[in-house]
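Taking the UniProt record's numbering, the leading residue of the sequence shown gets 1, the next gets one more, and so forth. Virtual Cβ for every residue (Gly too), placed ideally from N, Cα, C. Reading through the structure tokens given below for one structure.
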Amino acid sequence: MNNIKPKCSICMQTYSNETFLRPCFHSFCFECICYWINITPESANCPICRQSIQSLVYNVDEENNDFDEYFLKDRQYETHEPPLRRKRTLSPGEKIKLQRKQVYKGLYHQTCYPEPLPRHVNFTIITPEHIPKVFIYIALNRIRIDIISYMYQHA
1 MNNIKPKCSI
11 CMQTYSNETF
21 LRPCFHSFCF
31 ECICYWINIT
41 PESANCPICR
51 QSIQSLVYNV
61 DEENNDFDEY
71 FLKDRQYETH
81 EPPLRRKRTL
91 SPGEKIKLQR
101 KQVYKGLYHQ
111 TCYPEPLPRH
121 VNFTIITPEH
131 IPKVFIYIAL
141 NRIRIDIISY
151 MYQHA
């Protein structure tokens with residue numbers, strides 16, 4: 001059996017409150033991406049693909065089909081602090097990871113990143129449907145779009 005767990009590409013640890021970025025749906029730890037978007041709030045871009053971040057989808061609870069979403073739109077020049085809302089107890093391992101992240105926070109000062117290498121430009125982009133944890137989010141987003149278009153048609 002494969003015991004390899006996915007890791008956050010910012011802290012290189014297993015995810016702590018895995019958070020998805022919209023529209024690219026790359027995922028990071030909640031704390032890592034919050035720190036990242038506050039390095040340069042006027043240009044909050046995905047650390048992997050450099051797309052502009054529209055929102056964070058976090059606190060994903062597959063069992064209860066629930067998640068929280070924080071929109072960055074119209075907040076260009078302020079500090080982003082999405083509410084965590086749910087309090088949960090941390091395991092000893094999670095506490096150590098959290099402490100480790102706080103120690104290394106000071107190392108992420110680079111704000112300018114090079115263009116992708118030519119060999120990476122033509123990579124196939126994985127659509128949100130390929131990411132199992134966001135099926136709930138996609139379904140709710142489609143329902144929201146249907147409601148909005150219905151309201152416009154009958155206004």
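For residue i and residue j, I'd like the C-alpha separation in whole angstroms.
i           : j           : result
residue 63  : residue 11  : 27 Å
residue 24  : residue 4   : 23 Å
residue 242 : residue 154 : Any property of residue 242 remains undetermined from this structure, which presents the chain solely from 1 to 155.
residue 118 : residue 14  : 30 Å
residue 52  : residue 71  : 12 Å
residue 18  : residue 26  : 10 Å
residue 144 : residue 54  : 16 Å
residue 65  : residue 142 : 15 Å
residue 94  : residue 35  : 18 Å
residue 50  : residue 150 : 33 Å
residue 147 : residue 69  : 18 Å
What do you reckon, are the CB atoms on residue i and residue j nearer than 8 Å?
i          : j          : result
residue 16 : residue 48 : no
residue 57 : residue 30 : no
Tell me whether residue i is buried or exposed, calling it buried when 16 or more other Cβ atoms sit within 10 Å of its Cβ.
i           : result
residue 152 : exposed
residue 28  : buried
residue 97  : buried
residue 33  : buried
Taking 7 Å as the limit between beta carbons, can you name the residues of its chain near residue i, skipping five residues before and five after?
i           : result
residue 91  : none
residue 46  : 21, 24, 26, 53
residue 120 : none
Taking 8 Å as the limit between beta carbons, can you name the residues of its chain near residue i, skipping five residues before and five after?
i         : result
residue 7 : 13, 14, 15
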